[in-house]
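The structure appears right after this line, and notes come after that.
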Amino acid sequence: MSGQTPVIELRNVDKSFGPIDVLHDISLSVNAGEVLCLLGDNGAGKSTLIKTLAGVHRPTRGQFLMDGAEVSFERPRDAQEKGIATVHQFGGTFPLMTIGRSFFVGVEPTKGWGPFKVFDRKTANAIAVKAVRDFGITRIDDGDRLIGGLSGGERQSLAIARAVHFGARVLILDEPTAALGVKQASHVLRIVLEAKRRGIAVVFITHQVTHAMAVGDQYAVLIRGRVAANFRRGEKSREEITDLMAGGEALADLDVAMEG
Amino acid sequence: MGNLSFASLIRRPESGAFLGMVFVFVFFAIFGGRNFTSFAGAASWLNVAANLGIIAIPIGFLMIAGELDISIGAMVPAASMSMGIISGHYGLPIPVGILMTLGFAVVIGWINGIMVVRTAVPSLIVTMGTLFAVTGLTLFLSILLTNTTAVAMNPPAWAKAIFGGFYFNSYQVIIVWWLGLTALYVYFLHFSPWGNWLFAMGGDKESARNAGIPTTKFTIGLFILSSVSAAFVGLCQTILFNSAQVSTGMSFIFNAIISVVIGGVLLTGGFGSVIGIFFGTLTFAMVNQGIYFTDFDRNLSSLIIGVMLLIAVLMNNTFRQMALSYTGSRKKD
Amino acid sequence: MMNMRKNMLAAMLASVALTGAASAADIAVIAGSANDAFFNRVKKGVDDAALVVQANGGTVNYLTTQNYDNFGPDLVQLINTAVSQGVDGIAIPVWVAESQVPALKSAADQGIKIMMYNSGAEVKEQIAGINYFGSDEFVAGEAGGAYMAKKGAKKILCHIHVPGAVNLERRCDGIVAGAEANGATVMRLPTPASIDSDVTGTSEALKAELLKDPSIDAVITMGAWASDAATIAIQQAGRPVLLGTFDLSPSVLERIKAGTQTMAIDQQPYAQAFLATTMLAAYIDFGIDLPTDPVLTGPGIVDAGNIDAALVGVAAGAR
Chain A
1 MSGQTPVIEL RNVDKSFGPI DVLHDISLSV NAGEVLCLLG DNGAGKSTLI KTLAGVHRPT
61 RGQFLMDGAE VSFERPRDAQ EKGIATVHQF GGTFPLMTIG RSFFVGVEPT KGWGPFKVFD
121 RKTANAIAVK AVRDFGITRI DDGDRLIGGL SGGERQSLAI ARAVHFGARV LILDEPTAAL
181 GVKQASHVLR IVLEAKRRGI AVVFITHQVT HAMAVGDQYA VLIRGRVAAN FRRGEKSREE
241 ITDLMAGGEA LADLDVAMEG
Chain B
1 MGNLSFASLI RRPESGAFLG MVFVFVFFAI FGGRNFTSFA GAASWLNVAA NLGIIAIPIG
61 FLMIAGELDI SIGAMVPAAS MSMGIISGHY GLPIPVGILM TLGFAVVIGW INGIMVVRTA
121 VPSLIVTMGT LFAVTGLTLF LSILLTNTTA VAMNPPAWAK AIFGGFYFNS YQVIIVWWLG
181 LTALYVYFLH FSPWGNWLFA MGGDKESARN AGIPTTKFTI GLFILSSVSA AFVGLCQTIL
241 FNSAQVSTGM SFIFNAIISV VIGGVLLTGG FGSVIGIFFG TLTFAMVNQG IYFTDFDRNL
301 SSLIIGVMLL IAVLMNNTFR QMALSYTGSR KKD
Chain C
1 MMNMRKNMLA AMLASVALTG AASAADIAVI AGSANDAFFN RVKKGVDDAA LVVQANGGTV
61 NYLTTQNYDN FGPDLVQLIN TAVSQGVDGI AIPVWVAESQ VPALKSAADQ GIKIMMYNSG
121 AEVKEQIAGI NYFGSDEFVA GEAGGAYMAK KGAKKILCHI HVPGAVNLER RCDGIVAGAE
181 ANGATVMRLP TPASIDSDVT GTSEALKAEL LKDPSIDAVI TMGAWASDAA TIAIQQAGRP
241 VLLGTFDLSP SVLERIKAGT QTMAIDQQPY AQAFLATTML AAYIDFGIDL PTDPVLTGPG
301 IVDAGNIDAA LVGVAAGAR
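Chains as they are written, first to last, in the UniProt record's numbering: chain A, 1 to 260; chain B, 1 to 333; chain C, 1 to 319.
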């Protein structure tokens with residue numbers, strides 16, 4: 001609401017699969033250097049919304065804007081080329097590949113000429129290690145290490161660093177902290193803040209309110225395919241958000257009771 | 001390749017395969033006597049390794065990508081028969097026989113690939129279907145066209161020299177093909193960008209697709225490669241032995257898979273190396289043929305083969321575990 | 001014998017009662033997979049015999065198993081199929097006695113005539129078989145062993161490509177008997193399943209044996225494809241070695257013609273099938289029974305002396 005043009009914006013978007021309406025009248029926007037936390041229970045339409053943003057689905061009705069201009073993606077590749085990167089849990093990392101090779105899957109740096117182009121392992125390793133270290137993960141120092149030897153948080157961080165390195169302007173993070181322990185999750189949240197600091201628009205999907213509270217600038221709660229609430233940081237309390245996610249039922253009381 | 005320290009050598013996927021091979025070589029060098037290691041004796045296992053190796057590497061690629069192709073068991077005899085019928089029975093020129101045979105293999109490989117990528121059926125099942133279909137088709141066509149299930153041919157000298165002859169009395173020319181193709185495959189898997197795609201597909205197909213890799217085309221290509229490779233071995237055998245018969249090359253299926261596994265490729269995909277498969281094939285060939293140089297009771301052959309292969313695989317497994325649990329060399333440089 | 005005669009009489013009476021004045025024989029011939037070169041010769045014999053049967057107003061139905069994976073049950077299934085079609089007679093080899101004998105017994109009890117060919121002569125009485133047309137593996141091996149020894153062989157390598165296969169072991173036993181009776185010795189070489197139908201692997205295995213033991217001067221393989229492999233092995237061993245094989249193939253015949261292979265032992269499947277089918281019909285239609293029992297259709301040895309005639313048979317699909 002700072003008057004700047006949002007990097008991505010959905011206006012009154014509906015998405016139906018045949019007779020089944022999944023998304024109704026979704027209007028959301030994210031600015032550069034902002035984190036939008038997308039909250040919602042299972043089945044609320046989160047994954048359909050992500051796929052719509054990532055170019056897997058096209059909106060049935062409504063507008064999809066980037067930098068104020070309407071866009072329409074035929075396939076995920078189009079969205080990627082525009083700088084929208086989706087990182088699924090551990091996505092884009094391959095356990096039995098080295099860090100350097102995994103980092104450059106699909107966009108391998110080569111040296112040599114003509115038909116004898118050779119994968120440039122040294123360059124790949126150096127760039128990959130630097131990119132991850134720049135994000136504050138200093139434990140990674142050897143690009144020849146296998147991904148399988150990294151911790152969950154490190155893998156997730158590597159995946160995010162990779163997306164940013166390849167020019168992502170919008171990062172869609174699909175439950176990046178879901179399977180992680182407290183310490184690992186805090187690593188990932190730090191990476192999210194670093195991405196934000198670099199001016200990237202982040203869509204952070206989670207159902208862990210604590211994690212959302214830690215990094216979010218803006219929140220949207222999705223219930224049965226509708227935006228039930230859309231508010232800025234500090235406008236609602238933790239209990240109110242939990243309540244909203246549960247569909248207005250007084251789950252917050254339960255939450256408090258359990259913590260107390 | 002940078003630091004060739006002992007530690008970095010040990011964690012390469014092919015080091016286990018190499019040690020397994022050395023073990024088997026030493027074993028037969030001791031029990032097989034001088035004949036096993038002699039120039040003429042070495043041809044014995046190199047010939048077998050070459051025929052098997054040309055098929056094993058593409059099968060290894062498929063396994064790295066998380067697929068499998070057992071229809072090669074039908075492709076070898078089918079191609080052998082096709083070559084025999086076209087250039088033997090009908091007497092058409094050898095290049096025509098080769099092109100038509102390889103063309104047939106491309107079609108079968110393409111069918112395998114299309115079925116695997118378009119349906120959710122595992123490639124083991126799809127290729128089992130084509131295994132039987134191709135066997136049946138071969139039988140039907142050979143009876144229909146030649147009224148018999150075995151044909152003879154007399155290839156010209158140039159064809160023998162290139163595809164199915166002997167050099168130094170006992171070395172099959174196919175060894176040269178094997179070494180050349182292996183070099184090409186090493187480049188493909190470990191040095192070209194495409195190798196990265198293959199590992200990525202085997203690691204996580206969905207992520208690989210998201211990273212922009214044309215997984216569908218690539219998978220179909222791999223099936224065509226394995227089918228064509230099997231056909232190539234089949235037609236070379238016809239040219240070499242002047243004869244082809246309808247049979248099921250079941251032994252090729254198991255031998256190729258065993259070689260690949262000895263070579264350190266994970267059955268679950270995503271991991272392996274061409275040099276490893278190369279060593280694995282040599283190991284298998286030595287185990288298989290070494291027995292005839294020894295004085296062991298011939299009725300024990302299968303037992304000895306089984307035990308030796310288990311030892312080779314176990315050695316390999318140990319080394320792969322070491323590679324996977326490796327967590328950074330912390331070297332100061 | 002008396003018992004069998006009685007059984008047969010009873011069966012005959014039963015069949016007359018069942019089929020009444022049925023004019024001519026309806027016959028089922030049961031055989032192995034068409035995948036097997038051997039059974040293509042069998043089929044040619046059956047096809048030719050069918051002309052004779054049909055000329056007398058009968059029919060011949062040729063039933064085969066798909067493969068050898070579920071052999072016993074598949075054969076029983078085929079027997080039951082034939083019985084349910086109401087045939088007058090079945091011509092069949094017995095490969096899996098424990099499965100086939102009960103089924104054939106029950107067929108015989110229903111008045112169906114059983115003619116045997118190719119395999120299973122030892123259970124003929126149990127199933128009230130009329131006669132047996134086939135070769136005896138031992139007799140065939142004996143002929144091959146004697147032939148090689150008479151050609152001057154002192155040590156014969158007997159290659160078995162399916163170790164433990166009873167019929168192949170019997171052939172080797174015969175070779176031993178035939179060779180020893182004529183002053184030669186035999187070495188057995190079973191090669192494992194991992195090189196079955198792999199010509200290069202088999203060739204290298206044979207070559208290794210030839211190099212290892214220079215006293216081997218003859219090789220007999222149990223299958224035609226294996227003699228393709230043996231040919232190369234002998235060439236590379238670099239000394240003259242006699243080569244013989246069981247069964248024929250075009251390349252075997254070409255080598256015999258060219259003089260690079262000594263001989264091939266043929267059990268003449270065409271004769272087995274042709275005779276079994278026609279004699280079964282003749283028994284049902286005319287009561288003709290041969291006094292020779294069993295009738296051996298092999299071994300027929302093909303060598304330089306009769307190769308030209310054999311080649312004519314090959315062209316016709318009969319050999």
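Here a beta-carbon is modelled for each residue, glycine too, at the ideal position from N, C-alpha and C. Keep in mind that this is a model prediction, so the values were computed, not measured.
Any 3 or more C-beta pairs closer than 8 Å across the region 275-285 of chain C and the region 47-55 of chain C: yes
Residue-level contact to chain B via CB, Leu243/C, 8 Å cutoff: no
Residue environment, Ala179/A, which counts as buried when at least 16 other CB atoms sit within 10 Å: exposed
Cross-chain neighbours of Ala193/C in chain B, by beta carbon under 8 Å: Annotation: Cβ neighbours of Ala193/C in chain B (cutoff 8 Å, chain order): Ser251, Ser302.
When Gly109/B, Leu62/B, Tyr167/B are compared against Gly202/B, the one with the closest alpha-carbon: Of the listed residues, the one whose Cα sits closest to Gly202/B is Leu62/B.
Host alpha helix (DSSP H) of Pro156/B (start-end): Careful: Pro156/B lies outside any alpha helix (DSSP H) and carries neither H nor E.
Separation of Gly72/C from Thr19/C, as counted between CA atoms: Confidence in Thr19/C is poor, its pLDDT being 46 and thus under 50, which makes the residue's placement unreliable; the coordinate value appears in the next sentence. Each residue's alpha carbon lies about 29 Å from the other.
Beta-carbon neighbours of Ile213/B, restricted to chain A and to distances below 9 Å: Chain A residues near Ile213/B: Val105, Gly106.
Any C-beta of chain B under 8 Å from that of Gln261/C: no
Reduced DSSP secondary structure (H/G/I, E/B, other) of Gly62/A: strand
Three-state secondary structure (DSSP) of Phe204/A: strand
C-beta atoms of Asn288/B and Ser194/C nearer than 8 Å: yes
Where the beta strand (DSSP E) containing Arg226/A begins and where it ends: 226-232
Close-in-space but distant-in-sequence residues of the same chain around Leu311/C (CB under 8 Å, 5 per side omitted): Same-chain partners within the cutoff: Leu253, Lys257.
Cβ-based burial, Ala21/C [other Cβ within 10 Å; buried from 16]: Because Ala21/C sits at a pLDDT of 39, beneath the cut-off of 50, its placement in the model cannot be relied upon, and the point is left open.
Chain B contact for Phe119/A (CB, 8 Å cutoff): yes
Test item: CB-CB of Gly259/C and Asn40/C under 8 Å: 8 Å or more divides the Cβ of Gly259/C from the Cβ of Asn40/C.
Interface positions of the region 186-199 of chain B facing chain A (Cβ-Cβ less than 9 Å), listed along the chain: Tyr187, His190, Phe191, Ser192, Pro193, Trp194, Gly195, Asn196, Trp197, Phe199
Where Tyr185/B falls, given that 16 or more other Cβ within 10 Å makes a residue buried: buried
Neighbouring residues, chain C, relative to Ser247/B (Cβ below 8 Å): Ser197, Trp225
Collapsed DSSP secondary structure at Gly89/C in the structure displayed: Gly89/C falls in the strand class under three-state DSSP.
Neighbour flag for Pro76/A against chain B, beta carbons, 8 Å: Residue contact check for Pro76/A against chain B: a CB pair falls below 8 Å.
Beta-carbon proximity list for Ala252/A, same chain, < 6 Å, skipping 5 on both sides: Low per-residue confidence applies at Ala252/A: pLDDT is 46, beneath 50, and the placement is therefore not dependable enough to give any value.
Chain B contact for Phe73/A (CB, 8 Å cutoff): no
Nearest-angstrom beta carbon gap, Asp14/A and Gly62/A [assumed within contact, 8 Å]: 6 Å
Length of the line joining the Cα atoms of Arg233/A and Val221/A: Computed Cα separation, rounded: 13 Å.
Asn40/C (DSSP reduced to helix, strand or coil): helix
Residue span of the beta strand (DSSP E) that contains Arg11/A, given as start and end: 8-17
Under the three-state DSSP convention, the category Glu98/C falls into: Helix, per DSSP.
Close Cβ partners of Val76/C (< 6 Å) along its chain, the five nearest in sequence each way excluded: The beta carbon of Val76/C lies closer than 6 Å to those of Ser99, Ala103 in the same chain, with the five residues before and after it left out.
Cβ separation of His159/C and Ala224/C, assumed to be a contact under 8 Å, to the nearest whole Å: Between Ala224/C and His159/C the Cβ distance is about 12 Å, and since that is not below 8 Å, they are no contact.
Buried or exposed (CB count within 10 angstroms, at least 16 for buried), Asp333/B: Note that Asp333/B scores a pLDDT of 35, beneath 50, so its modelled location is shaky and nothing firm can be said.
Which of helix, strand or coil DSSP assigns to Gln80/A: helix
Expected contact under 8 Å - CB spacing of Gly134/C and Ala121/C to nearest Å: 7 Å
Per DSSP, cross-strand counterpart(s) of Thr245/C: Thr221/C, Ala264/C
CB contact below 8 Å: Leu96/A versus chain B: yes
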